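Residue numbers (our numbering): 7 to 622.
Here you go:
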């Protein structure tokens, strides 16, 4: 992958512009350690940091067309670039062998109409020197990031917020976005923690000229329903499309490995690589000393079954220095998914061996794998019970301390988590994404933010008919790009590692959401079609195992020194009610309730806020 930066600031001197671009590119060095490129023409400056994956000796950026009209800086991989190159060859004389020039040629010849032809992941900035216009664009699912700020005659954009801040005046915290973060643990699509700083939406292009407002246009949208074939047809198409998606993502002039957590999605990718594509990659996983969070035995089973060259390590404790580097130097704003840490750790292991790794991201959203879908089905049944019976069950549950074991190992833990889902149902209606608090708790935590927040992107009308399908579509449009893909992009790029996600191939996404929802989930059983299609690939042990996820033992960390760190941060000025936070921490440390994930969200916010003001 790469890092890109663009600046158009007429009031800025040449020296200031060049110094700002140099600082931005320095902050993006982890995204592209192999090369650095700059282009400067008052009042415009464009920069690029390259991680060389294809056409290693050429394809330098920023790249110009033969007439020097267009200047492109591009971060991504276009997996069908050879086919597109053949289509364009009659109208363009190619000078390189990589995908970058294919993107340049297509956009120069066809403009934004070329974007739907591109299969892959990307964020790009194309400057038209003749029209003095800028085109920004992101891939359909939002794998590659692109942030921007626009004012009067000026525009800046960059791959990451810390790089963007090198090009811009100081920013101020957005309270509306803070409310979103506290509800969801991340920022909603298009928004950031800062006023007047935005991200280009996934599946959108943005056009801008000096003196005008940016015009953002969708070139792709999620479509739900419409599959006309049989279940057997769906299985055949899924097998063909997913295998082809994996094969596409092997296109590289460097070695390609794979993450292997031991879950279904990553194991399936490794299995198809070995069985159908005859590739036995290097695979990578990490474990924890707490056995209820450790998945290494399943990863080892998959690695042994498919003969991969397997690497693993153990994450024994939280790494404060790594966390601060990830939040301040890479994410650039609060981000509450604690699996950012183990994802970074496994990325470090992988980067010692390869420059590209395949990942299983997207499998749960596309094929109904999350346990919250199962909880919503159970909730329908539970609410039909007599009120007296439900009241007594809930009273009994409140009296029982919440176990610290992972939910996959404890029925009582599952019961507490289900009770939490019940409490949060009103706050999740209409469903946008899982929230951290019910409405009463949120008002107690941040009373001044209760009425603030942004509106999430609209869902396809067809998805609103079925409750579970609504959740799947919302997760694909909100949770996936704002949480999962942010986590994987920042964690992998922190170690100059490119992650590729076969599940997010546009043909696989289109097929998955075209199918009837009961084909994916019936009752408490999810990923039904995925299981039927690939039953022969994985050992039965992997198909039968409980879903676990990439969790970390936050309960243990907050009952030790991390809890003390949080108490120290409570003196930081913030819109949070410190007494409410203290009550959560006390209840957690006396082992009445497991508030680990909520305390982590609060800790990250206060850590960022303290650091932000110290840097001001």
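Just so it is clear, CB atoms sit at the ideal spot from N, CA and C, and this is done for glycine as well.
Since the structure is predicted, the reported quantities are computational estimates derived from the model, not experimental observations.
C-beta contact flag for residue i and residue j at 8 Å
{"i": "residue 257", "j": "residue 85", "result": "yes"}
{"i": "residue 171", "j": "residue 81", "result": "no"}
{"i": "residue 79", "j": "residue 130", "result": "yes"}
{"i": "residue 508", "j": "residue 248", "result": "yes"}
{"i": "residue 468", "j": "residue 231", "result": "yes"}
{"i": "residue 305", "j": "residue 267", "result": "yes"}
{"i": "residue 539", "j": "residue 241", "result": "yes"}
{"i": "residue 379", "j": "residue 477", "result": "yes"}
{"i": "residue 53", "j": "residue 27", "result": "yes"}
{"i": "residue 440", "j": "residue 614", "result": "no"}
{"i": "residue 496", "j": "residue 337", "result": "yes"}
{"i": "residue 212", "j": "residue 222", "result": "yes"}
{"i": "residue 94", "j": "residue 109", "result": "no"}
{"i": "residue 523", "j": "residue 474", "result": "yes"}
{"i": "residue 510", "j": "residue 149", "result": "yes"}
{"i": "residue 525", "j": "residue 237", "result": "yes"}
{"i": "residue 16", "j": "residue 159", "result": "yes"}
{"i": "residue 299", "j": "residue 558", "result": "yes"}
{"i": "residue 218", "j": "residue 153", "result": "no"}
{"i": "residue 347", "j": "residue 329", "result": "yes"}
{"i": "residue 598", "j": "residue 407", "result": "yes"}
{"i": "residue 146", "j": "residue 214", "result": "no"}
{"i": "residue 155", "j": "residue 220", "result": "no"}
{"i": "residue 527", "j": "residue 537", "result": "no"}
{"i": "residue 548", "j": "residue 292", "result": "no"}
{"i": "residue 128", "j": "residue 77", "result": "no"}
{"i": "residue 162", "j": "residue 342", "result": "no"}
Nearest to residue i (by Cα), restricted to the options the options
{"i": "residue 383", "options": "181, 351, 431 and 493", "result": "431"}
{"i": "residue 308", "options": "281, 155 and 212", "result": "281"}
{"i": "residue 514", "options": "53, 204, 228 and 215", "result": "228"}
{"i": "residue 358", "options": "380, 264 and 334", "result": "264"}
{"i": "residue 2", "options": "297, 581, 311 and 71", "result": "Missing from the structure shown is residue 2; the chain here goes from 7 to 622 and no further."}
{"i": "residue 484", "options": "192, 76, 522 and 60", "result": "192"}
{"i": "residue 400", "options": "421, 48, 386 and 601", "result": "421"}
{"i": "residue 181", "options": "563, 523 and 458", "result": "458"}
{"i": "residue 518", "options": "372, 563 and 565", "result": "372"}
{"i": "residue 119", "options": "67, 173 and 210", "result": "210"}
{"i": "residue 35", "options": "570, 208, 503 and 146", "result": "503"}
{"i": "residue 216", "options": "225, 482, 577 and 13", "result": "13"}
{"i": "residue 624", "options": "583, 588, 578 and 579", "result": "Outside the displayed span of the chain (7 to 622) sits residue 624, for which this structure offers no information."}
{"i": "residue 578", "options": "612, 427, 157 and 18", "result": "612"}
{"i": "residue 608", "options": "297, 472, 451 and 593", "result": "451"}
{"i": "residue 385", "options": "529, 284 and 342", "result": "529"}
{"i": "residue 323", "options": "77, 561 and 200", "result": "561"}
{"i": "residue 480", "options": "520, 471, 521 and 437", "result": "437"}
{"i": "residue 173", "options": "278, 493 and 30", "result": "30"}
{"i": "residue 75", "options": "59, 37, 115 and 49", "result": "115"}
{"i": "residue 520", "options": "128, 48 and 244", "result": "244"}
{"i": "residue 11", "options": "50, 404, 466 and 435", "result": "50"}
{"i": "residue 71", "options": "48, 499 and 113", "result": "113"}
{"i": "residue 572", "options": "326, 332, 250 and 370", "result": "326"}
{"i": "residue 207", "options": "55, 376, 487 and 377", "result": "487"}
{"i": "residue 59", "options": "259, 466, 77 and 541", "result": "259"}
{"i": "residue 6", "options": "501, 545, 283 and 566", "result": "Summary: the structure shown does not reach residue 6, with the chain confined to residues 7 through 622, and so no result is reported for it."}
{"i": "residue 179", "options": "531, 541 and 203", "result": "203"}
{"i": "residue 498", "options": "20, 532 and 37", "result": "37"}
Expected contact under 8 Å - CB spacing of residue i and residue j to nearest Å
{"i": "residue 7", "j": "residue 57", "result": "5 Å"}
{"i": "residue 105", "j": "residue 89", "result": "That belief does not hold up - the Cβ atoms of residue 105 and residue 89 are roughly 11 Å apart, past 8 Å."}
{"i": "residue 433", "j": "residue 443", "result": "7 Å"}
{"i": "residue 272", "j": "residue 366", "result": "4 Å"}
{"i": "residue 617", "j": "residue 564", "result": "Incorrect: roughly 20 Å between the Cβ atoms, too far for contact."}
{"i": "residue 168", "j": "residue 33", "result": "5 Å"}
{"i": "residue 253", "j": "residue 283", "result": "6 Å"}
Within-8 Å CB hit, residue i to chain B
{"i": "residue 337", "result": "Any reference to chain B falls outside this structure, which holds one protein chain only."}
Worksheet item: Pairing CB atoms from the stretch 312-322 with CB atoms from the stretch 349-364, are three or more of them under 8 Å?
Response: yes
Worksheet item: With contact counted as at least three CB pairs below 8 Å, one residue from each stretch, are the stretch 461-468 and the stretch 303-315 in contact?
Response: no
Item to complete: For the stretch 36-50 and the stretch 99-109, state whether three or more C-beta atom pairs, one from each stretch, are separated by less than 8 Å.
Response: no
Practice prompt. At 4 residues or longer, and completely inside the stretch 228-276: list those alpha helix (DSSP H) runs for me, N to C.
Written response: 237-254
Worksheet item: Of all the beta strand (DSSP E) runs that stay within the bounds of the stretch 329-365, which reach a length of 3 or more residues?
Response: 362-364
Worksheet item: Between the stretch 182-199 and the stretch 131-143, are three or more C-beta pairs nearer than 8 Å?
Response: no
Practice prompt. Identify every run of the alpha helix (DSSP H) within the stretch 553-607, keeping only runs that are complete inside it and at least 4 residues long; order them along the chain.
Written response: 560-564, 567-575 and 584-595
Worksheet item: Residue ranges of each alpha helix (DSSP H) run of no fewer than 4 residues wholly in the stretch 63-148, ordered along the chain?
Response: 87-94 and 106-116
Worksheet item: If you scan the stretch 135-219 from start to end, which runs of the alpha helix (DSSP H) of 4 or more residues do you find wholly inside it?
Response: 167-173 and 181-190
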